[in-house]
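S.K.: Input: one structure, supplied below.
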Amino acid sequence: EPEVTQTPSHQVTQMGQEVILRCVPISNHLYFYWYRQILGQKVEFLVSFYNNEISEKSEIFDDQFSVERPDGSNFTLKIRSTKLEDSAMYFCASSDRSAATNEKLFFGSGTQLSVL
Amino acid sequence: KQEVTQIPAALSVPEGENLVLNCSFTDSAIYNLQWFRQDPGKGLTSLLLIQSSQREQTSGRLNASLDKSSGRSTLYIAASQPGDSATYLCAVPSNTGKLIFGQGTTLQVKP
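Residue numbers (our numbering), protein chains in the order written: chain A, 63 to 178; chain B, 128 to 238.
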């Protein structure tokens, strides 16, 4: 079965450093998402991306965050200057249609980001 | 603003028992509701998606029900097994497509 793949599975960085989290969505999918889960808290939406632009972003997704689809397969999340509170599991997700339709969302296995 | 709540936060049952996980949402104008499974340190696996026009959806030993008017969904797991131990999350999409998650129920099935 096709799956969303994320790399790396773990990333440790120093506060203030830039990190890039990488995702390869399912090949025929058109809608891409980043979510995150801080330890012990709910999974929360960060950003959605469709047709090469951001569709929606949450309050968390400030100027330190950016997303890019540099080629036809990768979807990246960049955090420019990491803070301690950015430590979380980051999930990439994709779907064939908007999740507002009756289409399942497929998640990757996540990147655990630890900011020291 | 849509809010999703899951009760209980944790549940421990002996193997073989049937169990019910609960999910409630505040805004009944939903397109669908999705149940996910999350294993420790892992991603989210979609278990069932139940459309707003449906009342039930089944997959193997799992059965999800939806009552939009009361803002509730249940996930029924029949004949539980130790391999069912995981955190179960429910989520509903907003009209813009982002998923709003509950905090999850962590299930432990003891052999």
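Glycine is no exception: its CB is placed at the ideal position from the N, C-alpha and C atoms.
The structure presented is a predicted model; accordingly, all values stated were derived computationally and were not measured.
Tell me which residues share the same chain as residue 220 of chain B and place their Cβ nearer than 6 Å to its Cβ, disregarding the 5 neighbours each side in the sequence.
M.R.: 158, 226
S.K.: For residue 165 of chain B, which option in A:168, A:144, A:177, A:175 has the closest C-alpha, if you only look at C-alpha atoms?
M.R.: Closest in alpha carbon position to residue 165 of chain B, among A:168, A:144, A:177, A:175, is A:168.
S.K.: So the beta strand (DSSP E) residue 156 of chain A belongs to, where does it begin and stop?
M.R.: 150-157
S.K.: DSSP three-state label for residue 175 of chain B, please.
M.R.: strand
S.K.: Which parts of the region 74-155 of chain A are runs of the alpha helix (DSSP H), unbroken and 4 residues or longer, counting only runs that do not cross its ends?
M.R.: none
S.K.: Using a Cβ distance threshold of 8 Å, determine whether the region 143-157 of chain A contacts the region 93-105 of chain A, with at least three qualifying pairs required.
M.R.: yes
S.K.: For residue 150 of chain B, which option in B:194, B:179, B:173, B:189 has the closest C-alpha, if you only look at C-alpha atoms?
M.R.: Measuring C-alpha to C-alpha distances from residue 150 of chain B to each of B:194, B:179, B:173, B:189 identifies B:194 as the nearest.
S.K.: Skipping 5 residues on each side, what residues in its chain have a beta carbon closer than 7 Å to that of residue 172 of chain A?
M.R.: Hits under 7 Å: 68, 151, 152, 153.
S.K.: The beta strand (DSSP E) with residue 164 of chain B in it runs from where to where?
M.R.: Element bounds for residue 164 of chain B: 159-165.
S.K.: Measure the alpha-carbon distance for residue 5 of chain A versus residue 97 of chain A and round it to whole angstroms.
M.R.: Residue 5 of chain A is absent from the structure shown; chain A starts at 63 and stops at 178.
S.K.: What are the residues in the region 100-121 of chain A lying within 8 Å of chain B by C-beta distance?
M.R.: 103, 104, 105, 106, 107, 110, 117, 118, 120
S.K.: Compute the Euclidean distance between the alpha carbons of residue 138 of chain B and residue 118 of chain A, then round it to the nearest angstrom.
M.R.: About 35 Å.
S.K.: By alpha-carbon positions, which one of B:235, B:204, B:212, B:230 ends up nearest to residue 146 of chain B?
M.R.: B:204
S.K.: What separation, rounded to the nearest whole angstrom, lies between the Cα atoms of residue 235 of chain B and residue 139 of chain A?
M.R.: 34 Å
S.K.: What would DSSP say about residue 194 of chain B, mapped onto helix, strand or coil?
M.R.: Annotated three-state conformation of residue 194 of chain B is strand, per DSSP.
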